[in-house]
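Below is one structure, written out as structure tokens; the observations come after it.
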Amino acid sequence: MVRTIRLYGGLVLFVYILTHLLNHVLGLHSIEAMDEGRKAFLAMWRNPIGTPLLYLSLSSHMVLSLWGVYQRQHLHMKFWEMAQLLSGLLIPFLLILHILGTRFAHEIYGVDDNYVYVLYALVVHNIDAGYRQAILMVLGWVHGCVGIHYWLRYKPAYENYKSLALAFAVVIPALSMAGYYVASLEVMKLAADPQWLKSFFGGYNLPTAEEAQDIYRLETVIQFAFAGVISVVIIGRWVRYAIQRWQGTFKVTYPNGKAFRAIKGTSLLDVSHLNNMPHAAVCGGKGRCSTCRVRVGKGLDHLPESESEERKVLIRIGASDNMRLACQTYPITDVEVTPLLPAKSDLKAARREHSSISQGQEREIAILFADIRGFTTLSEKKLPYDVVFILNRYFEAMGTAVEESGGRLDKFIGDGVMALFGIDRGVETGCKNALRAARRMAEKLDELNAHLAHELPEPLRIGIGVHTGAVIVGELGWGQATSITAIGDAVNTASRLEGMTKELKSQLVVSQPLAKIAGIDLEDFPRQHIQVRGRQDGMDIWSLENAKDLPQI
Ligand code: FES
Numbered sequence: 001m002v003r004t005i006r007l008y009g010g011l012v013l014f015v016y017i018l019t020h021l022l023n024h025v026l027g028l029h030s031i032e033a034m035d036e037g038r039k040a041f042l043a044m045w046r047n048p049i050g051t052p053l054l055y056l057s058l059s060s061h062m063v064l065s066l067w068g069v070y071q072r073q074h075l076h077m078k079f080w081e082m083a084q085l086l087s088g089l090l091i092p093f094l095l096i097l098h099i100l101g102t103r104f105a106h107e108i109y110g111v112d113d114n115y116v117y118v119l120y121a122l123v124v125h126n127i128d129a130g131y132r133q134a135i136l137m138v139l140g141w142v143h144g145c146v147g148i149h150y151w152l153r154y155k156p157a158y159e160n161y162k163s164l165a166l167a168f169a170v171v172i173p174a175l176s177m178a179g180y181y182v183a184s185l186e187v188m189k190l191a192a193d194p195q196w197l198k199s200f201f202g203g204y205n206l207p208t209a210e211e212a213q214d215i216y217r218l219e220t221v222i223q224f225a226f227a228g229v230i231s232v233v234i235i236g237r238w239v240r241y242a243i244q245r246w247q248g249t250f251k252v253t254y255p256n257g258k259a260f261r262a263i264k265g266t267s268l269l270d271v272s273h274l275n276n277m278p279h280a281a282v283c284g285g286k287g288r289c290s291t292c293r294v295r296v297g298k299g300l301d302h303l304p305e306s307e308s309e310e311r312k313v314l315i316r317i318g319a320s321d322n323m324r325l326a327c328q329t330y331p332i333t334d335v336e337v338t339p340l341l342p343a344k345s346d347l348k349a350a351r352r353e354h355s356s357i358s359q360g361q362e363r364e365i366a367i368l369f370a371d372i373r374g375f376t377t378l379s380e381k382k383l384p385y386d387v388v389f390i391l392n393r394y395f396e397a398m399g400t401a402v403e404e405s406g407g408r409l410d411k412f413i414g415d416g417v418m419a420l421f422g423i424d425r426g427v428e429t430g431c432k433n434a435l436r437a438a439r440r441m442a443e444k445l446d447e448l449n450a451h452l453a454h455e456l457p458e459p460l461r462i463g464i465g466v467h468t469g470a471v472i473v474g475e476l477g478w479g480q481a482t483s484i485t486a487i488g489d490a491v492n493t494a495s496r497l498e499g500m501t502k503e504l505k506s507q508l509v510v511s512q513p514l515a516k517i518a519g520i521d522l523e524d525f526p527r528q529h530i531q532v533r534g535r536q537d538g539m540d541i542w543s544l545e546n547a548k549d550l551p552q553i
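Take the sequence shown: its position 103, counting from 1, is numbered 103 in full-length UniProt numbering, and each next residue is one higher.
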């Protein structure tokens, strides 16, 4: 609701600025043309509907924007977001004198605030005010354009008109500035004529020197008042932060085992960003793009209910019950979350993901299975607490290896790991990334063994199988146990290759189709021929004692 009011207020202001700038363009013809255009401009904005609408939009947009600043948990933002915020804060300071010198002077002192009067005031009487006015024009326009771009970029049709919109955003202020400049030159020329000056001072009912001083004084008072309001917002943020700290913290755990504490009132997205966890957020946390969506495991039942805006987006993307928008979710107890889109996702990826993958689609991807060798024996010799501790360190290491290599962790099954590669980026990249992940897993395992040397009777060993093929990718499961996964013969084959690492006494088994697509030469390693379902002639595989021996890809 707040966002909608702010948006509509912003749109009214944008139309106001647009009509104002278009009026300036007429200066390219003459000042008389500008004043003719001004009649239409005034008919639109100086009437019992236009005036209240304009002031209501201005005040609501400003108040709600400041409210937004107060509510933000942190002020880390992208360049254009920050530019929009700063320009929004600066505009009122520059705008006050313009309003006082035109509309206010017109209403209070009966000044005829036409173009000759305004241009004389800005380029002859007070050139500094003229420069400020030019800056104000550009700032107001850029602020509006960025806001409209942020709003429209979620509409699929906008993609087709983006270049046109950019051209519009550049041409309008350029023409307007040109009109302003040409008309200013004309007024400066007129002002050089004493005869003209005499009639100007006599005929425009200009404010007296005292009235002009009053206007400047009033400007200062309003500027201080506005600076005071901004200070209150900043102090309010500090106070709120202190209260939230006092109210306590919660912990967010990610699939790679990393966990971070945050004070209550922090959104899941902010927790990710404050802790440098990659997390997609195309709309910057405004709850519009859905790219920040997460699957929530433990802690789902204790999350506050979704607000209506979030619910609408979740329904639109066909989200399951355990999915939430990270930017709109403010946990109060510990939660486990899995971000569902790669951190660099854009809107197209988000749309694609849900229109196709979640509803099921056949895709050629790479699949990796990994399992700890002899873990049952190890677990029999350890206390349950130690088993859980070791397993979680292992999952963290393997999960990180997969994610660093561009894969998607599908699931942990007992002490095993299943990961998918190439869902978003194509099978060739997927096959290469699966091999990179296998090597990275071997490296991570060595690090883990060194780290846990005192806890383990012998170093952990793993078996990894990688294969590629056409599978069905889709969102499968029920209730909270729903996730995007893959099913098909290729998945079973990858699992079988992982199992074969035992009999082949190797750490990694690579299928020939995967090696071929990845473009890697494994002829130096032992080769076998095996029978697999779905391939009448069987398939070649290579076994590597150590996945770190894989050639660089
Ligand atoms: S970041 Fe866009 S919906 Fe959350």
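Cβ coordinates follow ideal geometry from the N, Cα and C atoms, glycine included.
Q: Report the option in W151, Y109 and R132 whose CA atom is closest to the CA atom of E210.
A: The residue you call residue 210 lines up with position 210 of the sequence shown. The candidate whose alpha carbon is nearest that of E210 is Y109.
Q.
Is A401 close to ligand 1? I mean its beta-carbon at under 8 Å from any heavy atom of the ligand.
A. By 1-based counting over the sequence shown, the position of residue 401 is 401. Not under cutoff, so the answer is no.
Q) Taking 8 Å as the line, does the beta carbon of S290 fall inside it for any heavy atom of ligand 1? A) Here residue 290 corresponds to residue number 290 of the sequence shown, with the count starting at 1. Checking every heavy atom of ligand 1 against the Cβ of S290, one is found closer than 8 Å.
(Q) At 3 residues or longer, what runs of the beta strand (DSSP E) sit wholly inside the segment 190–271? (A) 249–253 and 259–263
Q. Using the rule of at least 16 other Cβ atoms within 10 Å of the residue's Cβ for burial, across every protein chain shown, is G374 buried or exposed?
A. Stepping through the sequence shown from its first residue, residue 374 is reached at position 374. Under this definition G374 is an exposed residue.
Q) Helix, strand or coil: how does DSSP classify T493 here? A) Taking the first residue of the sequence shown as 1, we reach residue 493 at position 493. Note: T493 maps to helix in three-state DSSP.
Q.
Run through the DSSP bridge pairs and tell me what S483 is partnered with.
A. Indexing the sequence shown from 1 puts residue 483 at position 483. Paired residue(s): L476.
Q. Would you call Y117 buried or exposed, if buried means 16 or more other Cβ atoms sit within 10 Å of its Cβ?
A. To locate residue 117, count along the sequence shown from 1; it is residue 117. With 16 or more other Cβ atoms within 10 Å, it is buried.
Q.
Whole angstroms are fine: how far does the CA of G287 sit from the CA of A281?
A. Position 281 of the sequence shown, counting from 1, holds the residue named residue 281. Position 287 of the sequence shown, counting from 1, holds the residue named residue 287. Roughly 9 Å separates the two Cα atoms.
(Q) Once the 5 residues before and after L522 are set aside, which same chain residues still bring their CB inside 7 Å of it? (A) Stepping through the sequence shown from its first residue, residue 522 is reached at position 522. Excluding five sequence positions before and after L522, the CB atoms of its chain that fall closer than 7 Å to its own CB belong to V510, A515 and W542, given in chain order.
**Q.** Rounded straight-line distance, which links the Cα of V427 to that of L28
**A.** In the sequence shown, residue 28 corresponds to position 28, counting from 1. In the sequence shown, residue 427 corresponds to position 427, counting from 1. Taking the straight line from one Cα to the other gives about 58 Å.
Q) How far does the beta strand (DSSP E) with M277 in it reach, from first residue to last? A) Numbered from its first residue, the sequence shown carries residue 277 at position 277. Looking at the DSSP string, M277 is not in any beta strand (DSSP E), and its letter there is neither H nor E.
Q) What residues match up with R408 in a beta bridge as DSSP calls it? A) Translated into the one-based positions of the sequence shown, residue 408 becomes position 408. Paired residue(s): L420.
Q | Other residues of its chain near G88: CB distance less than 7 Å, five sequence neighbours each side excluded | A | Residue mapping note: residue 88 aligns to position 88 of the sequence shown, counting from 1. If we look at G88 and ignore the five residues flanking it on each side, its Cβ neighbours are S65 and H143.
Q.
Restricting to Cα atoms, I'd like to know which of E309, L269, Y254 and D128 is closest to M1.
A. Locating residue 1 in the sequence shown gives position 1, where the first residue counts as 1. Measuring from the Cα of M1, the nearest candidate turns out to be E309.
Q. Is it the case that the Cβ atoms of L97 and I215 are separated by a distance below 9 Å?
A. Numbered from 1 along the sequence shown, position 97 holds the residue referred to as residue 97. Numbered from 1 along the sequence shown, position 215 holds the residue referred to as residue 215. Yes; because the gap between Cβ atoms is below 9 Å, this pair is in contact.
Q.
By alpha-carbon positions, which one of K78, N546 and G538 ends up nearest to L504?
A. Within the sequence shown, residue 504 is the residue found at index 504, counting from 1. Answer by Cα proximity: N546.
Q. So, helix, strand or coil for H20, using DSSP?
A. Locating residue 20 in the sequence shown gives position 20, counting from the first residue. In the three-state reduction of the DSSP assignment, H20 falls in the helix class.
Q) For ligand 1, any of its heavy atoms closer than 8 Å to the Cβ of G147? A) As a first step, residue 147 must be located in the sequence shown, where it is residue number 147. No; taking the cut-off as 8 Å, the Cβ of G147 has no heavy atom of ligand 1 nearer than that.
Q) Of all the options L190, E107 and A370, which has the alpha carbon lying nearest to the alpha carbon of M500? A) Taking the first residue of the sequence shown as position 1, residue 500 is located at position 500. Closest option to M500, Cα to Cα, is A370.
Q.
Within the continuous beta strand (DSSP E) that includes I530, where are the two ends?
A. Walking along the sequence shown from the start, residue 530 turns up at place 530. Its beta strand (DSSP E) spans residues R527 to V532.
(Q) Helix, strand or coil, according to DSSP, for L7 in the structure here? (A) On the sequence shown, position 7 is the one that residue 7 refers to. Looking at L7 - three-state DSSP - the assignment turns out to be helix.
Q: Tell whether a beta-carbon distance below 9 Å holds between I372 and L460.
A: Start at 1 with the first residue of the sequence shown, and residue 372 comes out as number 372. Start at 1 with the first residue of the sequence shown, and residue 460 comes out as number 460. The criterion of a C-beta distance shorter than 9 Å is satisfied by I372 and L460.
Q: Using the Cα positions of Y115 and A33, report the straight-line distance between them to the nearest angstrom.
A: Here residue 115 is taken as the residue at index 115 of the sequence shown, counted from 1. Here residue 33 is taken as the residue at index 33 of the sequence shown, counted from 1. When rounded, the distance between both Cα atoms is 10 Å.
Q. How about T485 and E475: are their beta carbons less than 9 Å apart?
A. For the purposes of this step, residue 485 is identified with residue 485 of the sequence shown, where counting begins at 1. For the purposes of this step, residue 475 is identified with residue 475 of the sequence shown, where counting begins at 1. Against a cut-off of 9 Å, the Cβ pair of E475 and T485 comes out as a contact.
Q: Kindly indicate which residue of V294, V335, H302 and Q531 has the alpha-carbon position closest to the one of I317.
A: Residue mapping note: residue 317 aligns to position 317 of the sequence shown, counting from 1. Residue V294 is the option with its Cα nearest to I317.
Q: Kindly examine ligand 2 and report whether one of its heavy atoms sits closer than 8 Å to the Cβ of G287.
A: Of the ligands one can find in the structure shown, namely ligand 1, none is ligand 2.
Q: For my contact list, W151 and L7 are in at a C-beta cut-off of 8 Å; report their separation, rounded to the angstrom.
A: Taking the first residue of the sequence shown as position 1, residue 151 is located at position 151. Taking the first residue of the sequence shown as position 1, residue 7 is located at position 7. The C-beta distance from W151 to L7 rounds to 6 Å, short enough to meet the 8 Å contact threshold.
Q | Where H61 falls, given that 16 or more other Cβ within 10 Å makes a residue buried | A | The residue given as residue 61 occupies position 61 in the sequence shown. Looking at its Cβ environment, which holds 16 or more other Cβ atoms inside 10 Å, H61 is buried.
**Q.** Cα-Cα separation between N449 and I367, rounded to whole angstroms
**A.** Position 449 of the sequence shown, counting from 1, holds the residue named residue 449. Position 367 of the sequence shown, counting from 1, holds the residue named residue 367. Each residue's alpha carbon lies about 25 Å from the other.
Q) Starting from T376 and walking both ways along the beta strand (DSSP E), at which residues does that stretch end? A) As a first step, residue 376 is located in the sequence shown; it is residue number 376 there, counting from the start. No beta strand (DSSP E) holds T376; the alpha helix (DSSP H) holding it covers F375 to K381.
Q) With 16 other CB atoms within 10 Å as the buried threshold, where does K432 fall? A) Position 432 of the sequence shown, counting from 1, holds the residue named residue 432. By the 10 Å Cβ count, K432 comes out buried.
**Q.** Residues near V417 in its chain [Cβ-Cβ closer than 6 Å; skip 5 each side]
**A.** Position 417 of the sequence shown, counted from the start, is the residue given in the question as residue 417. If we look at V417 and ignore the five residues flanking it on each side, its Cβ neighbours are A370 and M398.
**Q.** From V271, P207, T19 and G50, residue whose alpha carbon lies closest to that of H106
**A.** Sequence index remark: in the sequence shown, residue 106 carries index 106 (1-based). Its Cα nearest to that of H106, the residue P207 stands out among V271, P207, T19 and G50.
Q: Tell me where the alpha helix (DSSP H) around M44 begins and ends.
A: Start at 1 with the first residue of the sequence shown, and residue 44 comes out as number 44. Its alpha helix (DSSP H) spans residues I31 to W45.
Q. For the 8 Å Cβ check, are there 3 or more pairs between the segment 233–251 and the segment 383–394?
A. no
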